[in-house]
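Chains as they are written, first to last, in this note's numbering: chain A, 52 to 360; chain B, 9 to 303.
One structure is given here, and the rest of the page talks about it.
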Amino acid sequence: MLSYTLRTLMRMALTFFVIVTIVFFATRLSGNAVDFVIGDGMTTEDRDLLIKYYELDRPVLSQYFAFLRSFTDGQFGLSFIERRPVADMVLERVWPSTQLLLSAVTLTLLVSIPLGITAAIWRKSWIGSAVMVVAFLGYAVPNFVLAIVMVLIFSYWLNWLPVVGNGTAWHFIMPTVALAGVLIAALTRFTRNAMLDVLGQDFMRTARAKGLPESAVIFKHGLRNAGITILSVIGLQVAGLAASGSVVIESIFAWPGIGDLLVTSALRRDYPVLQFGVLTVAVAVIMINAAIDLAYAWADPRLRHSVKG
Amino acid sequence: MTYPAVPATSVPAAALQLWHSANIIQKAAIVIGLSLVLMALLAPLIAPFDPNSQSLISRLRPPLGLERAKAGYLLGTDELGRDVFSRSLYGLRLTLMLASLGAMLGLLIGGTLGLLAGIVGGRVEATIMAAVDTQIAVPFTLVALFLLAILGSSIEVIVLVLGLAGWEQYARIVRGEVKRLMNIPFIEAARAAGAGPLRIARHHLLPNIISPLVVQFTLALSNIVLLESTLSFLGLGVQPPTATLGSMVGIGRDYMPTAPWIVAAPATMILLITFAVQILGDWLRDGADVRLRER
Chain A
52 MLSYTLRTLM
62 RMALTFFVIV
72 TIVFFATRLS
82 GNAVDFVIGD
92 GMTTEDRDLL
102 IKYYELDRPV
112 LSQYFAFLRS
122 FTDGQFGLSF
132 IERRPVADMV
142 LERVWPSTQL
152 LLSAVTLTLL
162 VSIPLGITAA
172 IWRKSWIGSA
182 VMVVAFLGYA
192 VPNFVLAIVM
202 VLIFSYWLNW
212 LPVVGNGTAW
222 HFIMPTVALA
232 GVLIAALTRF
242 TRNAMLDVLG
252 QDFMRTARAK
262 GLPESAVIFK
272 HGLRNAGITI
282 LSVIGLQVAG
292 LAASGSVVIE
302 SIFAWPGIGD
312 LLVTSALRRD
322 YPVLQFGVLT
332 VAVAVIMINA
342 AIDLAYAWAD
352 PRLRHSVKG
Chain B
9 MTYPAVPATS
19 VPAAALQLWH
29 SANIIQKAAI
39 VIGLSLVLMA
49 LLAPLIAPFD
59 PNSQSLISRL
69 RPPLGLERAK
79 AGYLLGTDEL
89 GRDVFSRSLY
99 GLRLTLMLAS
109 LGAMLGLLIG
119 GTLGLLAGIV
129 GGRVEATIMA
139 AVDTQIAVPF
149 TLVALFLLAI
159 LGSSIEVIVL
169 VLGLAGWEQY
179 ARIVRGEVKR
189 LMNIPFIEAA
199 RAAGAGPLRI
209 ARHHLLPNII
219 SPLVVQFTLA
229 LSNIVLLEST
239 LSFLGLGVQP
249 PTATLGSMVG
259 IGRDYMPTAP
269 WIVAAPATMI
279 LLITFAVQIL
289 GDWLRDGADV
299 RLRER
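This is the structure in structure tokens:
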């Protein structure tokens, strides 16, 4: 378990390093480096100071080391537009994004695990097919279409729900549902398939044969085994889907989160904010993945005990 | 992963056989898919108006059959008096074109890297697979946002970005299949007979990995359509006035309370494309997966 943890952490660090390197070369090689780090409207002294700090007058390689050093110094630059440290701008948006993400994931788990189990148990009857058709449709509906249809119905026509911001609990409903839509579709399908795999196993027949009630068979023997697969999917798929989804959803609902900030800064070409924002989300996703990886190993005794190095 | 042998002698006969083996939803998906492709191809012939020609007198007219509708504008007009039907057709054309170019580019990049990793092995393989792992770990929408912001939203950049979306899946699949096939005696026999790596790749490996690639291509296509639409919706894709389905939804959303028809047509088209492509992809995958067929 210890070596497995170490390996996961190593891989995490490596991924982060690769991403930082790609970000650096993508920004520096696509145009004038000065434009990416400095922006307009600065005094000559400030400009010279920044050029010196990032070693922009030196070869690319020393620029790269200066870029890496800037991370250890906590110097991520100033926003071109708002003239504030980008770290502040991004960090104040972490919590709203996290709130939205948590509520979407909670909704996803509450809906798709029961649905997936239902679809697996009654897979031959119309109930199973109905669930799968809904899951399929949910996967095909782009989240922005789902979002604007909800806005049209619940805000413009019925006047029930607010559209912009995150002021009250009512503000959470539409963004949460819009963000969870694809996740529910994905997780329902995975839960069903994972359950189907487990339902066909010998130990399920044994559990029934020794007279356990059907609910104990399904939940204790079925779900607990399928849960491991489901967990790994939550890590791999959900973290990525949610990060991509929240960019769109936050932008539609003007949710004050990182996704909204990323879209705005991409549209305004506010490079320092965009760069730091992308890195922050990437780090968050990598960390979630690593955490799920460890949870996966911990939940699966076969991995916990047998993996050496 | 092989298909059941199709004893058909001609392409039409094979197509007919496929059609008969489809269930009702799959048939619907085929019909929807083919009509969308046909509409996209024939857009210049069917579209009644130039998609970008404005007419300020006939702004925001509803579709035919509703009050205030204007003759000739089947699906109504948008905020600049452009014909929604014509714009949707051209938008569909552009969206499908960008998505297929992107999917093919992804197949090319990912397939080549996967082949290389599987055949050469060693450090090359380790490097490529590390790149694959990194790409999987980072949500691609972020990469796309970043690239479009620094490189600009020209058509070339968009195709490149769409091509980079999903290359890692092809690489993973091709490498896995190559690794599996390399252990099967016929490859060894070919090598013993003096075939070089290129010949082995072309004549012995590629024909055997076609079917999982076709499945992956279909699944990737719907993801790429969604990605393109999302980027255009956010205003980072193809720039106005050129219509893509996503940008029509993105701009039309501001007029939704009074003119929901601007959004309705392109949104429905996106939905139909992804739905049809996903059903077809899933059908192909089930056909290719022996384990599932037995279930």
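Ideal placement from N, C-alpha and C gives every residue a C-beta, glycine not left out.
Give me the chain B residues within the contact set of residue i, using Cβ-Cβ distance strictly less than 7 Å, ordered along the chain.
{"i": "asparagine 340 of chain A", "result": "Ala145"}
{"i": "isoleucine 300 of chain A", "result": "The premise fails here: isoleucine 300 of chain A is roughly 11 Å from chain B at the closest Cβ pair, so nothing lies under 7 Å."}
To the nearest angstrom, how far is the alpha carbon of residue i from that of residue j?
{"i": "leucine 121 of chain B", "j": "serine 176 of chain A", "result": "44 Å"}
{"i": "phenylalanine 283 of chain B", "j": "phenylalanine 223 of chain A", "result": "28 Å"}
{"i": "threonine 135 of chain B", "j": "valine 167 of chain B", "result": "25 Å"}
{"i": "threonine 10 of chain B", "j": "alanine 30 of chain B", "result": "Residue confidence is low: threonine 10 of chain B scores 47 on pLDDT, short of 50, so the model does not pin down where it sits. No coordinate-derived value is stated."}
{"i": "valine 14 of chain B", "j": "valine 222 of chain B", "result": "A caution first: valine 14 of chain B carries a pLDDT of 48, below 50, which makes its placement in the model too unreliable to give a value."}
{"i": "valine 332 of chain A", "j": "alanine 258 of chain A", "result": "44 Å"}
{"i": "valine 329 of chain A", "j": "glycine 80 of chain B", "result": "47 Å"}
{"i": "valine 169 of chain B", "j": "serine 295 of chain A", "result": "15 Å"}
{"i": "tyrosine 347 of chain A", "j": "isoleucine 54 of chain B", "result": "55 Å"}
{"i": "alanine 171 of chain A", "j": "alanine 260 of chain A", "result": "20 Å"}
{"i": "alanine 155 of chain A", "j": "methionine 183 of chain A", "result": "21 Å"}
{"i": "phenylalanine 195 of chain A", "j": "leucine 156 of chain B", "result": "19 Å"}
{"i": "threonine 169 of chain A", "j": "glycine 202 of chain B", "result": "56 Å"}
{"i": "isoleucine 178 of chain A", "j": "tyrosine 190 of chain A", "result": "18 Å"}
{"i": "isoleucine 204 of chain A", "j": "valine 185 of chain A", "result": "20 Å"}
{"i": "leucine 26 of chain B", "j": "methionine 137 of chain B", "result": "36 Å"}
{"i": "phenylalanine 76 of chain A", "j": "methionine 225 of chain A", "result": "39 Å"}
{"i": "glycine 360 of chain A", "j": "valine 74 of chain A", "result": "Its pLDDT being 38, under 50, glycine 360 of chain A is placed unreliably by the model, and the measurement read from it follows with that caveat. Approximately 31 Å between the Cα atoms of the pair."}
{"i": "threonine 227 of chain A", "j": "alanine 236 of chain A", "result": "14 Å"}
{"i": "arginine 62 of chain A", "j": "tryptophan 173 of chain A", "result": "41 Å"}
{"i": "phenylalanine 127 of chain A", "j": "isoleucine 102 of chain A", "result": "14 Å"}
{"i": "asparagine 340 of chain A", "j": "isoleucine 65 of chain B", "result": "55 Å"}
{"i": "leucine 60 of chain A", "j": "alanine 139 of chain B", "result": "17 Å"}
{"i": "phenylalanine 148 of chain B", "j": "alanine 197 of chain B", "result": "41 Å"}
{"i": "glycine 254 of chain B", "j": "valine 215 of chain A", "result": "21 Å"}
{"i": "serine 113 of chain A", "j": "leucine 238 of chain A", "result": "46 Å"}
{"i": "methionine 47 of chain B", "j": "glycine 262 of chain A", "result": "60 Å"}
{"i": "leucine 250 of chain A", "j": "glutamate 265 of chain A", "result": "12 Å"}
{"i": "arginine 299 of chain B", "j": "glycine 218 of chain A", "result": "Low confidence applies here, because arginine 299 of chain B scores a pLDDT of 45, under 50, leaving its location unreliable; read the following figure in that light. Cα to Cα, arginine 299 of chain B sits roughly 50 Å from glycine 218 of chain A."}
{"i": "leucine 100 of chain A", "j": "phenylalanine 68 of chain A", "result": "27 Å"}
Flag residue i as yes when its Cβ comes closer than 7 Å to any non-hydrogen atom of the ligand SAM, and as no otherwise.
{"i": "leucine 107 of chain A", "result": "Although the ligand SAM was asked about, the structure shown includes no ligands whatsoever."}
Who are the neighbours of residue i on chain A, taking C-beta pairs under 8 Å?
{"i": "proline 268 of chain B", "result": "Leu203"}
{"i": "phenylalanine 194 of chain B", "result": "Per Cβ cutoff of 8 Å: no residues; phenylalanine 194 of chain B is ~32 Å from chain A at best."}
{"i": "glutamine 286 of chain B", "result": "Phe187, Tyr190 and Ala191"}
{"i": "phenylalanine 265 of chain B", "result": "Note on residue identity: the sequence assigns proline, not phenylalanine, to residue 265 of chain B. By Cβ distance, chain A contributes Leu203 and Tyr207."}
Whose C-alpha, out of the options, is nearest the C-alpha of residue i?
{"i": "glutamate 164 of chain B", "options": "B:Met105, B:Tyr263 and B:Gly41", "result": "B:Met105"}
{"i": "arginine 67 of chain B", "options": "B:Ala51, B:Arg188 and B:Gly84", "result": "B:Gly84"}
{"i": "methionine 255 of chain A", "options": "A:Arg320, A:Arg275, A:Val202 and A:Ala237", "result": "A:Arg275"}
{"i": "glutamate 75 of chain B", "options": "B:Ile217, B:Ala267, B:Asp290 and B:Pro274", "result": "B:Ala267"}
{"i": "glutamine 143 of chain B", "options": "B:Thr238, B:Glu176, B:Gly119 and B:Leu155", "result": "B:Glu176"}
{"i": "glutamate 185 of chain B", "options": "B:Gly119, B:Leu206 and B:Lys35", "result": "B:Gly119"}
{"i": "valine 146 of chain B", "options": "A:Ala335, A:Ala342, A:Trp349 and A:Leu345", "result": "A:Ala335"}
{"i": "glutamine 62 of chain B", "options": "B:Trp269, B:Ile158 and B:Thr250", "result": "B:Thr250"}
{"i": "leucine 153 of chain B", "options": "A:Asp108, A:Val298 and A:Gly232", "result": "A:Val298"}
{"i": "threonine 72 of chain A", "options": "A:Thr149, A:Leu60, A:Leu53 and A:Val111", "result": "A:Val111"}
{"i": "isoleucine 281 of chain A", "options": "A:Phe122, A:Asp344, A:Val185 and A:Leu152", "result": "A:Asp344"}
{"i": "methionine 246 of chain A", "options": "A:Asp124, A:Ile132, A:Thr56 and A:Ser163", "result": "A:Ser163"}
{"i": "leucine 239 of chain B", "options": "A:Leu313, A:Phe122 and A:Phe67", "result": "A:Leu313"}
Which residues of chain B have a Cβ atom closer than 9 Å to the Cβ of residue i, listed in chain order?
{"i": "glycine 189 of chain A", "result": "The premise fails here: glycine 189 of chain A is roughly 11 Å from chain B at the closest Cβ pair, so nothing lies under 9 Å."}
{"i": "threonine 66 of chain A", "result": "Ala138, Asp141, Thr142, Ala145 and Val146"}
{"i": "isoleucine 70 of chain A", "result": "Thr142, Ala145 and Val146"}
Which chain A residues sit within Cβ distance under 9 Å of residue i?
{"i": "valine 257 of chain B", "result": "Pro193, Phe195, Val196 and Ile199"}
{"i": "phenylalanine 148 of chain B", "result": "Gly291 and Ser295"}
{"i": "phenylalanine 283 of chain B", "result": "Phe187, Leu188, Tyr190, Ala191 and Val192"}
Residue i versus chain A: which residues are under 7 Å apart at the beta carbon?
{"i": "arginine 261 of chain B", "result": "Ile199"}
{"i": "alanine 275 of chain B", "result": "Val196"}
For residue i, which residues in chain B fall below 8 Å Cβ to Cβ?
{"i": "alanine 77 of chain A", "result": "Phe154, Leu155 and Ile158"}
{"i": "leucine 313 of chain A", "result": "Leu150 and Leu153"}
request  = Give a yes or no on contact between the segment 137-152 of chain A and the segment 323-338 of chain A, applying the rule of three or more CB pairs nearer than 8 Å.
outcome  = yes
ask   = Is the segment 228-245 of chain B touching the segment 206-214 of chain B in the sense that three or more CB pairs, one from each, lie closer than 8 Å?
value = no
task = Identify each residue in the segment 237-252 of chain B for which the Cβ-Cβ distance to at least one residue of chain A is less than 8 Å, and report them in chain order.
result = Ser237, Thr238, Phe241, Leu242, Gly243 and Leu244
query = Relative to chain B, which residues along the segment 315-332 of chain A have a C-beta separation below 8 Å, given in chain order?
reply = Ser316, Ala317, Leu318, Arg320, Tyr322, Leu325, Gln326, Val329 and Val332
inquiry  = Measuring CB atoms only, is the segment 90-106 of chain B touching the segment 246-265 of chain B, in the sense that at least three cross pairs come out at less than 8 Å?
reply    = yes
message = Contact between the segment 142-162 of chain A and the segment 307-321 of chain A is defined here as three or more beta-carbon pairs at a separation below 8 Å; is this criterion met?
response = yes
ask   = Got a sec: which bits of the segment 102-121 of chain B sit with their beta carbon under 8 Å from any beta carbon on chain A, in order along the chain?
value = none
query = Is the segment 185-198 of chain B in contact with the segment 269-276 of chain B, if contact means three or more CB pairs nearer than 8 Å?
reply = no
query = In the segment 84-102 of chain B, which residues sit with their C-beta less than 8 Å from some C-beta in chain A, listed in chain order?
reply = none
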